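Residue numbers (the working numbering): 426 to 685. All C-beta atoms in this analysis are idealised placements derived from N, C-alpha and C, irrespective of residue type, glycine included. Treat the numbers as computed from the prediction; the structure is a model and nothing was measured. Written out below as structure tokens is the structure these notes cover.
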Amino acid sequence: MTNKKELTVEEKLRALYNLQLIDSRIDEIRNMRGELPLEVEDLKDEVAGLNKRLEKLHTDLNTIEAGIKEKKIAIDEFKDAIKKYTEQQNEVKNNREFNSLEKEIEFQKLEIELAEKHIREMKVSIENKKSNIAQTEERLAERTVHLNHIESELNSIMSETEREEQLLLAKSEEFKQGIEDRLLNAYTRIRSGVKNGLAVVSIERGASVGSYFTIPPQTQVEIAARKKIITDEHSGRILVDSALAEEEREKIESIIANLK
């Protein structure tokens, strides 16, 4: 365990409130980014998915077009066979041979009809694939433009705040080093349990910041005396008086201004 200087209650309160102000500024910076990092990742996934879909559609289209070429070649072969069998019919010497060749000719004609049916079906499929490709390309273009816009917005925010955030994180760790473990653990526990991350709040107009519950006058006097750590009985937050809060706010604002 790190040895930490024994502080007076007032020094502890100031240290805690300073830490809160620094951490709140870090929260503010991260809130500026909001959901942008997640949105960028989602958009990247969507764009990758659309590119993959587009690649598959083009592969399918090429396969169908190749299939049509194969069917056309087969039709030519069937026609050549019909021509050959027809010529052979002129040379046969009996009905059995003639009828056998006739069956071959009919079979080749059926094969042609089947191949032409498949070609018609594949042409319909090609039109569907082309329509899907056009829709996918349009969606991909729109999503890519949106991704570039969001990435640009995020990069702009990052360039403005990243350095400040890193310096504030270092400053937060620096302030933590001066706070005893018991109080630091309490601060972390309270902070993680509230939505706005406020573990240490000041008294304003008789109530703690963010609360509608009035602090009893005697408790307000004790808080202002800075002789012991007092928490809000409703929220559990650590309370400081408004004068101390104002003094520390000015100090931390000056520190933050110098970090930018």
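Rounded to whole angstroms, ARG614 and VAL626 show a C-alpha spacing of 15 angstroms. Counting along the chain, the unbroken alpha helix (DSSP H) around GLU538 starts and ends at 520–602.
In the DSSP annotation of this structure, LEU664 is not part of any alpha helix (DSSP H); the continuous beta strand (DSSP E) holding it starts and ends at 663–665. With contact defined as three or more Cβ pairs closer than 8 angstroms, the stretch 523–537 and the stretch 467–478 are not in contact. Around the C-beta of LYS508, fewer than 16 other C-beta atoms lie within 10 Å, and the residue is accordingly described as exposed. Excluding residues up to 5 positions away in sequence, ILE582 and THR586 lie with their Cβ nearer than 7 angstroms to the Cβ of MET457 in the same chain.
Here GLU516 carries a coil assignment [DSSP, helix/strand/coil]. In terms of Cβ geometry, ALA440 and ILE677 do not form a close pair [threshold 8 angstroms].
With distances taken between CA atoms, VAL619 lies nearest to GLY635 out of GLY635, ARG607 and LEU608.
Look at the beta carbons and you see the stretch 586–596 touching the stretch 445–456: at least three pairs across the two are nearer than 8 angstroms. In the three-state DSSP reduction, ALA632 falls in the strand class (E or B). In this chain, the alpha helix (DSSP H) harbouring TYR612 covers 606–617. In this structure, the beta-carbon distance from ALA624 to TYR637 does not fall below 8 angstroms. With fewer than 16 other beta carbons inside 10 angstroms of its own, ALA491 counts as exposed. Per DSSP, the unbroken alpha helix (DSSP H) holding SER449 starts and ends at 434–458.
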